[in-house]
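> Using the numbering used here, the letters of the sequence shown correspond one by one to residues 538 to 764.
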Amino acid sequence: MSVFAIGDPHLALSCPKPMDIFAGWSGYQQRLEENWRAAVAPEDTVVVAGDISWAMKLEDTVADFAFLHSLPGRKLLLKGNHDYWWTTRSKMEAFFARQGWDSLGILHNSAQEAEGVFLCGSRGWIFETGEAADALVVAREAGRIRRSLEAVPPDRERVLFLHYPPIYGQQVIPEFFDLMREFGVRQCFYGHLHGPAVSSAFQGEFFGVELRLISADYLKFAPLRIL
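Printed below as a string of structure tokens:
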């Protein structure tokens, strides 16, 4: 059994907003399905790190989540900045249950065990236009990351997933790295960045944490095996 990760699939089966108009996204949903089925087994786990569906309301996501459910493996869903359909955990879990989508779960300010480690997740935050980070927003997001990391039993390995990168260009959110160091996080995966923004993505070790970009287009729409 393995753990995979991929971010930003931007599914548009539920609404007419495909990504094919952007370079590198031609036929992306078919490519994602083919690559996913070639790599992921039914017993595997896949973290989907935000920007999942272009639908605006939860009830409008049916086609997108039916597609995800049809793919092999357990899927743990993280909130992205374009997931406007996102609502409370209880409402989403009830919605999935009514549809019989038992392969879909929520990874949001929480943790899930897979392959002997704990997968932790939250949206995070970053500013892309150079303005100073808002202290209240950063504090709120740091609190959510803390709740996710605290949900893990003591002395167990934690892997952190964020939608936003914790470092982007010259911008770093030290509060997030302080938490990773406090809880012994050695790996952090993030999405959000596409196209030209990928050139500013930091990948590698930063203050003892190995960072990796997992945006779908960056991964050529192939889930990345991480465990």
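Beta carbons are placed, not taken as given, at the ideal position from N, Cα and C, and that holds for glycine. Since the structure is predicted, the reported quantities are computational estimates derived from the model, not experimental observations.
For the structure I just gave you, are there three or more beta carbon pairs, one from the region 675–692 and one from the region 617–634, closer than 8 Å?
no
> So, is LYS628 buried or exposed, given that buried needs 16 or more other C-beta atoms within 10 angstroms?
Working through the sequence shown from its first residue, we reach residue 628 at position 91. By the neighbour-count rule (16 or more Cβ atoms within 10 Å), LYS628 is not buried but exposed.
> How close, in whole Å, do the beta carbons of PHE739 and LEU748 come, if the pair is a contact with beta carbons under 8 Å?
Reading the sequence shown from its first residue, position 202 is the one you call residue 739. Reading the sequence shown from its first residue, position 211 is the one you call residue 748. About 6 Å separates the two Cβ atoms, so the contact holds.
> Going by other Cβ atoms of all chains shown within 10 Å of its Cβ, with 16 needed for buried, is ARG695 buried or exposed?
Translated into positions along the sequence shown, residue 695 becomes position 158. It is buried - the Cβ of ARG695 has at least 16 other Cβ atoms within 10 Å.
> To the nearest angstrom, report how far apart HIS729 and ALA560 are at their CA atoms.
In the sequence shown, counting from the first residue as 1, residue 729 sits at position 192. In the sequence shown, counting from the first residue as 1, residue 560 sits at position 23. Cα to Cα, HIS729 sits roughly 16 Å from ALA560.
> Grab me the residues of ALA753's own chain with a C-beta within less than 6 Å of its C-beta, minus the 5 sequence neighbours each way, in chain order.
What you label residue 753 is simply residue 216 of the sequence shown in a count that begins at 1. Closer than 6 Å at Cβ, skipping near neighbours: ILE543, ASP545 and PRO546.
> Jot down the residue ranges of each uninterrupted alpha helix (DSSP H) in the region 690–731, minimum 4 residues, whole runs only, in chain order.
If only complete runs of 4 or more residues are kept, the region 690–731 shows the alpha helix (DSSP H) at 711–719, in order along the chain.
> If we count the other Cβ atoms within 10 Å of its Cβ and call it buried at 16 or more, is PHE541 buried or exposed?
On the sequence shown, position 4 is the one that residue 541 refers to. The residue is buried, with at least 16 neighbouring Cβ atoms inside 10 Å.
> Can the beta-carbon of PHE554 be found closer than 8 Å to that of VAL585?
Along the sequence shown, one-based indexing puts residue 554 at 17. Along the sequence shown, one-based indexing puts residue 585 at 48. The question names Phe, but residue 554 in the sequence shown is Lys. Not in contact: LYS554 and VAL585 (Cβ atoms no closer than 8 Å).
> Measure the alpha-carbon distance for SER640 versus HIS606 and round it to whole angstroms.
Locating residue 640 in the sequence shown gives position 103, counting from the first residue. Locating residue 606 in the sequence shown gives position 69, counting from the first residue. Rounded to the nearest angstrom, the two C-alpha atoms are 6 Å apart.
> Can you list, in chain order, the residues of its chain whose CB lies under 8 Å from that of ASP588, leaving out five sequence neighbours each side?
Counting from one through the sequence shown, the residue named residue 588 turns up at place 51. Around ASP588: GLY544, ASP545, PRO546, HIS547, GLY617, ASN618, HIS619, ASP620, HIS700, GLY728 and HIS729.
> Do three or more CB pairs link the region 570–584 to the region 592–603 at distances below 8 Å?
Contact fails: fewer than three Cβ-Cβ distances are below 8 Å.
> Contact check, ARG723 vs VAL746 under 8 Å by CB: the rounded distance?
Walking along the sequence shown from the start, residue 723 turns up at place 186. Walking along the sequence shown from the start, residue 746 turns up at place 209. With 8 Å as the limit, ARG723 and VAL746 qualify as a contact, their Cβ atoms being about 6 Å apart.
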